[in-house]
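The structure appears right after this line, and notes come after that.
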Amino acid sequence: MTRHVRTAIFPVAGLGTRFLPATKATPKELLPVLDTPLIQYAVDEARNAGIERMVFVSHPSKGAIERHVMEDARLTRELRERGKADVADALTNAAFCPRDDDVRFVMQTEPKGLGHAVLCARDEVLPGPVAVILPDDLILGPVGCLAEMIDAYETGKVGHLVATMEVPEDRVHRYGVLSGVEPDGVILKATGMVEKPKPEDAPSRHAVVGRYILDPAIFDALETQEPGAGDEIQLTDAIARGADSLGLGGFQFSGVRFDCGSKAGMLHATLELAMDDPDCAEVLKSRGLVSSRTDAVAA
Ligand code: G1P
-5 MTRHVRTAIF PVAGLGTRFL PATKATPKEL LPVLDTPLIQ YAVDEARNAG IERMVFVSHP
55 SKGAIERHVM EDARLTRELR ERGKADVADA LTNAAFCPRD DDVRFVMQTE PKGLGHAVLC
115 ARDEVLPGPV AVILPDDLIL GPVGCLAEMI DAYETGKVGH LVATMEVPED RVHRYGVLSG
175 VEPDGVILKA TGMVEKPKPE DAPSRHAVVG RYILDPAIFD ALETQEPGAG DEIQLTDAIA
235 RGADSLGLGG FQFSGVRFDC GSKAGMLHAT LELAMDDPDC AEVLKSRGLV SSRTDAVAA
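Residue 64 in this note's numbering sits at position 70 of the sequence shown, with consecutive numbering throughout.
Here is the structure:
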């Protein structure tokens, strides 16, 4: 069985209720951190990791995501005619071109959970393990999280690898949490994981954040997965069922993760990136917000 990761799945069908009214007409994945929408960071991370096929699991009401990620020949032509070739080039480089890039869109019309969203992509994935990227979890650092995760996955230690970070006890109820954790190099071997446990029931503080590399057996597991937390088909539960037979590991990534599914996380990410922009850094300074880089974010 090949360990080469060729496909990335982007579950983007969610309604984004936590950001209403901003997300009434704009998909939450298009909310910007400074000037770049969340989905663009996720796509760039997958491209930099050498992913060949991108599968977006979207919703019919969120056509703007497709319009954002695909090239817009009319817009770039108009920009060039107006002498803005540099802007046109930047847009073209960031977007997918239907001729050269392998991009698929499938629809998840019912909100049945993250596990169900991944299952919706089944017929579109290339052979071998698949990556799943949740654009809400923005991970910034000198090396892309997915690229370093793929390197770790290729060492062949586990069948399912999930990105993980330690969170305070009072936050474990927001995450999938690893159980039976034993360090093994960069990987934390685990015997299972549970979705959104109460702090008193949490098996560890090793929370899962939105990057996964999954053995293709995940699709069979998802086909038969019963609804779990929140009455949804949980990816966590299907991963946990394969922990014994396939091996499960947590990957401690080197970057900093921002929870851009929350207002506080969005603000944190925006402030972080604002420090690199001279005009914005000036504003931060004028408000007495001195530059101090983020070490770890568990918001
Ligand atoms: C999802 C997963 C959860 C994971 C989290 C990371 O939850 O179900 O296991 O820890 O993403 O962001 P959500 O935040 O969609 O409720």
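Each residue gets a CB set at the ideal place from its N, CA and C atoms; glycine is no exception.
When DSSP builds the beta bridges, which residues end up paired with residue 246?
According to DSSP, which records beta bridges pairwise, residue 246 is partnered with 158.
Rounding to the nearest angstrom, what Cα-Cα distance links residue 118 and residue 278 in this structure?
Whole-angstrom Cα-Cα distance: 45 Å.
In angstroms with no decimal places, state the Cα-to-Cα distance between residue 83 and residue 70.
So the two alpha carbons sit approximately 8 Å from each other.
Should residue 170 be counted as a contact of the ligand ZN given a C-beta to heavy atom distance under 8 Å?
Because the ligand ZN does not appear in the structure shown, any question about it cannot be addressed here, the ligands present being the ligand G1P.
Since residue 272 is in the beta strand (DSSP E), which residue starts that stretch and which ends it?
No beta strand (DSSP E) contains residue 272, which is instead part of the alpha helix (DSSP H) from 272 to 280.
Compute the beta-carbon to beta-carbon distance between residue 227 and residue 124, rounded to the nearest angstrom, for a pair I have assumed lies under 8 Å.
Not really, about 17 Å apart at Cβ, beyond 8 Å.
Here's the rule: buried if 16 or more other CB atoms are within 10 angstroms of the residue's CB, otherwise exposed. What is residue 239?
Residue 239 comes out exposed.
Suppose contacts are defined by Cβ-Cβ distances below 9 Å. Is residue 50 in contact with residue -1 by that definition?
Not in contact: residue 50 and residue -1 (Cβ atoms no closer than 9 Å).
Let's test the definition: count the other Cβ atoms within 10 Å of the Cβ of residue 208 and tell me whether it reaches 16, buried, or not, exposed.
By the neighbour-count rule (16 or more Cβ atoms within 10 Å), residue 208 is buried.
Three Cβ pairs or more, each shorter than 8 Å: is that satisfied between the segment 197 to 205 and the segment 244 to 253?
Touching, per the Cβ criterion.
Just the C-alpha distance for residue 211 and residue 263, rounded to the nearest angstrom, thanks.
Taking the straight line from one Cα to the other gives about 35 Å.
Please work out which residues of its chain come closer than 8 Å, Cβ to Cβ, to residue 191, disregarding the five sequence neighbours upstream and downstream, and give them in chain order.
The answer, listed in chain order, is 166, 167, 171, 197.
Relative to the alpha-carbon of residue 180, which residue among 145, 102, 120, 28 has its alpha-carbon at the smallest distance?
Here the closest residue by C-alpha is 145.
Please return the same chain residues whose Cβ sits closer than 7 Å to the Cβ of residue 139, not counting the five positions on each side in sequence.
Only 39, 133, 157, 205, 247, 249 meet the Cβ criterion.
List the whole-angstrom C-beta distance separating residue 108 from residue 229, where the pair is believed to meet the contact cut-off of C-beta under 8 Å.
At roughly 4 Å, the Cβ-Cβ gap stays under 8 Å, so residue 108 and residue 229 are in contact.
Identify whether residue 72 lies in helix, strand or coil by the three-state DSSP scheme.
Helix at residue 72.
Along the alpha helix (DSSP H) that carries residue 307, what are the first and last residues, could you check?
Outside the shown range of the chain (-5 to 293) lies residue 307, about which nothing can therefore be said.
Comparing alpha-carbon positions, which option in 273, 275, 152, 269 lies nearest residue 234?
Comparing Cα positions, the closest option is 152.
Any idea which residues DSSP pairs residue 200 with across the strands?
Partner(s): 160.
Going by CA-CA distance only, name the one from 142, 169, 77 that's closest to residue 131.
It is 169.
Do residue 112 and residue 216 come within 9 Å of each other at the CB atom, strictly closer than that value?
Yes, they are a contact pair.
Does the beta-carbon of residue 28 have 16 or more other beta-carbons within 10 angstroms, so that it is buried, or is it exposed?
The residue is exposed, with fewer than 16 neighbouring Cβ atoms inside 10 Å.
Does DSSP put residue 26 in a helix, a strand or coil?
Strand, per DSSP.
Can you round the beta-carbon distance between residue 12 and residue 224 to whole angstroms, since I take them to be within the 8 Å contact cut?
Not really, about 14 Å apart at Cβ, beyond 8 Å.
Roughly how many angstroms lie between the CA atoms of residue 147 and residue 268, to the nearest whole one?
Each residue's alpha carbon lies about 33 Å from the other.
Look up residue 206 in the DSSP assignment and give the residues it is bridged to.
Its beta-bridge partners are 126, 156.
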